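Number of protein chains: 2
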Amino acid sequence: MKMSSKARYGLYVAVELAKRYSDTDVVSVALLAQCTGITEKYLEQIIAMMKRADIVLSNRGASGGYKLARAPQDISVGEILRVLEDNLQIVDCIHKDCANGCNCVSRNLWTKLNENINSYLDTISLQQLVEDKL
Amino acid sequence: MKMSSKARYGLYVAVELAKRYSDTDVVSVALLAQCTGITEKYLEQIIAMMKRADIVLSNRGASGGYKLARAPQDISVGEILRVLEDNLQIVDCIHKDCANGCNCVSRNLWTKLNENINSYLDTISLQQLVEDKL
DNA sequence: ATAAATCATAGTAAATTAGTAGGAATTAAA
DNA sequence: TTTAATTCCTACTAATTTACTATGATTTAT
């Protein structure tokens with residue numbers, strides 16, 4: 419029940435990008451790696467997932483880099499974490515079959531718990547996080 | 419961010435014990451293993467944790483077994499899962515130090531998320547779960 | 001042209017989780 | 001009082017997942 423480092427790191431990266439959102443230019447992986455302490459290669463993979471999910475956008479080639487695809491107030495923490503954390507699903511049986519079948523009482527619990535987590539994380543924007551206003 | 423099978427299984431076991439709570443006698447691991455589909459040896463370990471946490475109590479020796487230490491309406495799902503799932507902590511840095519230090523904005527998020535999860539799970543009793551009244 | 005960057009993907013090491021195994025201690029019942 | 005059924009204790013191993021490394025192709029500003 420731990421958040422993976424991929425998800426934690428992804429959020430750190432998003433926070434750094436949010437701080438720089440007013441800048442017109444993009445931020446390179448090298449710089450992001452430096453200020454977050456994540457290795458470049460690992461960070462590349464993480465930000466690639468965020469790009470595929472349209473959370474960030476990129477410029478390729480020399481002096482290229484990444485920036486947020488939308489304003490920090492329009493990106494929720496839930497959106498980011500779902501991309502990096504297997505849709506934030508607490509157990510597999512919510513969307514797959516399990517031995518207990520569909521009438522398993524626990525299944526309803528997991529479903530509600532998931533809704534709870536997701537709806538909470540969806541109320542928090544990157545902007546709020548950067549301003550430390552939770 | 420998956421719930422471990424230990425926690426899932428522990429909850430199944432607790433549900434089975436809750437169904438049988440009105441019986442005066444205890445239930446053996448062998449029987450619990452049979453009706454949950456968990457192997458006896460693994461189940462033994464899981465229920466041992468629940469015993470140490472005073473969620474279940476046991477009779478040793480022949481015709482021994484386990485039963486809930488309290489009525490199903492007095493045991494919350496949160497209580498059970500915390501015992502089996504490293505206190506339900508989403509990230510380590512909530513109670514340990516991390517590279518980012520104490521002024522890390524994400525840390526507050528994890529703390530709030532944890533509170534959210536725990537307070538939800540604490541509102542649900544085993545009784546509710548058995549009656550499928552979430 | 002060149003250098004600085006993203007992009008794609010395969011591989012490996014570390015850590016965690018899940019499950020096995022063996023046997024000691026206890027106790028109800030024959 | 002022996003026996004069989006059971007909990008209790010702890011060490012080990014296999015499987016899976018996570019975290020990270022490595023290589024190199026592609027793109028593009030200068």
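These protein sequence lines are chains A and B, in that order.
For the first sequence, the numbering used here assigns the number 419 to the initial residue and increments by one for each residue that follows.
For the second sequence, the numbering used here assigns the number 419 to the initial residue and increments by one for each residue that follows.
The beta-carbon is built from N, C-alpha and C at its ideal position, and this holds for glycine as well.
In this text the structure is predicted, and so the values were computed from the model without any measurement.
- N526 (chain B) belongs to the set of residues whose beta carbon lies under 8 Å from a beta carbon in chain A.
- If you look at N526 (chain B), you'll find it in the alpha helix (DSSP H) that goes 523-540.
- Of all C-beta pairs linking the region 488-498 of chain A to the region 539-546 of chain A, three or more are shorter than 8 Å, placing the two stretches in contact.
- Residue range 474-477 is occupied by the beta strand (DSSP E) that includes V474 (chain B).
- Inclusion of V523 (chain A) and R426 (chain B) in the CB contact set at 8 Å is not warranted, their separation being larger than that value.
- At a C-beta separation below 8 Å, S543 (chain A) has no neighbours in chain B, since its nearest C-beta there lies roughly 11 Å away.
- Within the region 460-509 of chain B, the complete alpha helix (DSSP H) segments of 4 residues or longer fall at 495-502, listed in chain order.
- Burial is judged here by how many other beta carbons sit within 10 angstroms of a residue's own beta carbon; Q507 (chain B) has at least 16 and is buried.
- Closest in C-alpha terms to L539 (chain A), from the list A:A436, A:S446, A:N505, A:L435, comes A:N505.
- Look at N532 (chain B): its C-beta is not under 8 Å from any C-beta on chain A.
- Y430 (chain B): member of the alpha helix (DSSP H) spanning 423-437, first to last residue.
- For E497 (chain B), the closest C-alpha among the options B:V444, B:V447, B:A471 is that of B:A471.
- Boundaries of the alpha helix (DSSP H) harbouring T454 (chain B): 447-454, taken from the DSSP string.
- Below the 7 Å Cβ cutoff, chain B contributes S524 as neighbours of L429 (chain A), in chain order.
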